[in-house]
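K.L.:
Handing you this structure, nothing more for now.
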Amino acid sequence: MKGGDVYRTANTAWTEGAVSWSNAPAADATPLGGLGAVAVNTWYEVDVKQAVTGTATYGFRMRSPNTDGADYR
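Counting in the numbering used here, the sequence shown runs from 461 upward without gaps.
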């Protein structure tokens, strides 16, 4: 099962807990990185340092082709 890809979002004006699939900020076209096969109850990290260029607020979005659900933190 593919864990998903992480993308930068230019829009950071959203409220945690209020984002849904229908109102989520648009993602850049090119992923910053991704996760291949993943296992349940396992911690994974994606390096997004290339998108962080200084002190600011940054937004990221995960996309996965899987329909069985996932939790990202």
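From the three backbone atoms N, C-alpha and C, an ideal C-beta is built for every residue, glycine too. In this text the structure is predicted, and so the values were computed from the model without any measurement.
1) Can you tell me where the beta strand (DSSP E) holding Leu495 begins and where it ends?
2) Would you kindly work out how many angstroms separate the C-alpha atoms of Leu492 and Ala478, rounded to a whole number?
3) Alpha carbon to alpha carbon, what distance is there between Val466 and Asp488?
4) Would you mind working out which of Arg468, Thr515, Ala470 and Tyr532 sits nearest Thr502, comparing C-alpha positions?
5) Met461 bridges to which residues according to DSSP?
6) For Trp474, which of Pro485, Thr513 and Asn526 has the nearest alpha-carbon?
P.N.:
Taking the coordinates as given:
1) Reading the sequence shown from its first residue, position 35 is the one you call residue 495. Counting along the chain, the beta strand (DSSP E) containing Leu495 begins and ends at Gly493 to Ala497.
2) Position 32 of the sequence shown, counted from the start, is the residue given in the question as residue 492. Position 18 of the sequence shown, counted from the start, is the residue given in the question as residue 478. Approximately 24 Å between the Cα atoms of the pair.
3) The residue given as residue 488 occupies position 28 in the sequence shown. The residue given as residue 466 occupies position 6 in the sequence shown. Going by the C-alpha atoms only, they are around 10 Å apart.
4) The residue labelled residue 502 in the question sits at position 42 within the sequence shown. Considering only alpha carbons, the answer is Tyr532.
5) In the sequence shown, counting from the first residue as 1, residue 461 sits at position 1. DSSP output for Met461 lists no bridge partner at all.
6) Numbered from 1 along the sequence shown, position 14 holds the residue referred to as residue 474. The shortest Cα separation from Trp474 among Pro485, Thr513 and Asn526 belongs to Pro485.
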